[in-house]
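Student: Mapping to the working numbering: the sequence shown position 67 is 67, numbers consecutive.
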Amino acid sequence: MLKNISFWDFYFYFHKGKLNNWADVEYFLNNLLTIKSHKTHPEPDLEKSLDMIARLKYLTPRSFVEASFTEEIKKLKEDFTADRETLILLFVLLNNLKYDIKKQSERYLYDFLFDELKKFEKNFNGYLKTLQDEKYKEKSQQLLNKLSHNECYNLLSFNYTTPCTNDSSCNITRNIHGKLEDHPIIGIDSKNISPNSPVFRFTKTYRIMTLASEKQDKLLPKTVKTIAFYGHSLAPADYSYFQSIFDYYNIYDNNITLVFYYSIYDESKEQKIKRNQFNSVSKLMSEYGTTFHNEKGGNLMHKMLLEGRLILKKL
Numbered sequence: 001m002l003k004n005i006s007f008w009d010f011y012f013y014f015h016k017g018k019l020n021n022w023a024d025v026e027y028f029l030n031n032l033l034t035i036k037s038h039k040t041h042p043e044p045d046l047e048k049s050l051d052m053i054a055r056l057k058y059l060t061p062r063s064f065v066e067a068s069f070t071e072e073i074k075k076l077k078e079d080f081t082a083d084r085e086t087l088i089l090l091f092v093l094l095n096n097l098k099y100d101i102k103k104q105s106e107r108y109l110y111d112f113l114f115d116e117l118k119k120f121e122k123n124f125n126g127y128l129k130t131l132q133d134e135k136y137k138e139k140s141q142q143l144l145n146k147l148s149h150n151e152c153y154n155l156l157s158f159n160y161t162t163p164c165t166n167d168s169s170c171n172i173t174r175n176i177h178g179k180l181e182d183h184p185i186i187g188i189d190s191k192n193i194s195p196n197s198p199v200f201r202f203t204k205t206y207r208i209m210t211l212a213s214e215k216q217d218k219l220l221p222k223t224v225k226t227i228a229f230y231g232h233s234l235a236p237a238d239y240s241y242f243q244s245i246f247d248y249y250n251i252y253d254n255n256i257t258l259v260f261y262y263s264i265y266d267e268s269k270e271q272k273i274k275r276n277q278f279n280s281v282s283k284l285m286s287e288y289g290t291t292f293h294n295e296k297g298g299n300l301m302h303k304m305l306l307e308g309r310l311i312l313k314k315l
């Protein structure tokens with residue numbers, strides 16, 4: 001059983017109290033992988049800790065014949081600081097997951113973490129398959145009919161399921177992060193990550209590129225009237241997708257309406273759900289506004305609201 005558990009299972013377990021939705025998984029994945037880009041960071045610096053352990057392991061048997069090594073060992077021990085989580089993750093890596101400390105290097109570490117992520121994805125895929133409901137197709141089709149008002153549409157899905165396989169109204173469907181039948185992927189946003197960085201392979205850009213084995217139909221038509229969103233957290237990890245779509249259609253100048261649908265799944269939390277949806281939309285539009293090279297970006301949201309082209313709607 002333990003051989004099927006990945007490093008990421010252990011890591012996410014430590015943060016289970018903060019994993020309220022799927023976007024939080026990607027958030028913590030990003031935190032650990034991009035630690036070097038932060039001056040202060042709450043996450044464990046595994047690479048630094050492993051480098052120190054590897055150096056200690058190398059020096060210890062040699063300290064008996066070289067006095068200078070003894071001083072270096074002493075300094076390494078004094079400098080080594082780690083919180084409880086880091087210590088446990090190091091123990092898991094070195095003992096349960098058989099991380100070879102003799103091979104410690106930046107490349108070896110990220111190769112190892114990437115293989116562990118693929119193991120996590122495989123296990124996650126198997127888990128999702130056990131949750132498939134016979135009524136899913138029917139219910140999802142009803143939902144899509146409401147969202148599309150029975151008009152023809154293209155579907156960009158961030159889930160791993162394929163709801164509209166027999167729907168004549170659905171021209172094209174694309175599971176951007178893979179499907180249950182293939183290989184679902186989990187990744188981080190590529191913004192501010194160099195293609196030369198060892199972390200780049202963990203980005204959604206890289207993962208999607210490696211999955212693209214054949215030519216696919218063009219998902220974005222030349223013209224659209226409405227772009228509808230539903231069931232997405234609008235988390236920063238997917239901002240790049242939305243920004244690309246907004247750029248493609250030039251939403252500032254063109255007569256395109258963005259409709260952000262939401263459902264009240266708990267009547268006692270209706271106001272909180274509405275507030276969270278508004279905040280998520282505001283953050284997305286504000287962030288997109290920063291990509292403009294003029295003053296337009298600052299008034300994008302106000303402009304679209306005044307023109308009736310930015311709508312939050314209960315479904």
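Glycine included, every Cβ here is placed at the ideal spot set by N, Cα and C.
Going by DSSP, which residues form a beta bridge with L310?
Tutor: Answer is L258.
Student: Could you tell me whether the Cβ atoms of F260 and L33 are closer together than 7 Å?
Tutor: no
Student: Give me the Cα-Cα distance between S268 and V281, rounded to the nearest whole angstrom.
Tutor: Their backbone Cα atoms lie some 22 Å apart in a straight line.
Student: Would DSSP call T223 helix, strand or coil?
Tutor: coil
Student: What's the call for K135, buried or exposed, on a 16-neighbour Cβ count within 10 Å?
Tutor: exposed
Student: In three-state terms, what does DSSP make of T40?
Tutor: Caution is warranted here: a pLDDT of 44 is assigned to T40, below 50, making its placement in the model unreliable, and no coordinate value can be reported.
Student: Look up A228 in the DSSP assignment and give the residues it is bridged to.
Tutor: For A228, which the question treats as bridged, DSSP gives the partners V259.
Student: Could you spell out where the alpha helix (DSSP H) holding R107 opens and where it closes?
Tutor: E106 to T130
Student: Can you pull the DSSP bridge partners for T173?
Tutor: L155
Student: When the distance is taken between beta carbons, is S190 closer than 7 Å to N175?
Tutor: no
Student: Is the beta carbon of L180 sitting closer than 7 Å to the one on K129?
Tutor: With a cutoff of 7 Å on beta-carbon distance, L180 and K129 are scored as near each other.
Student: Using 10 angstroms around the beta-carbon of T173, count the other beta-carbons present and answer buried if the total reaches 16, otherwise exposed.
Tutor: buried
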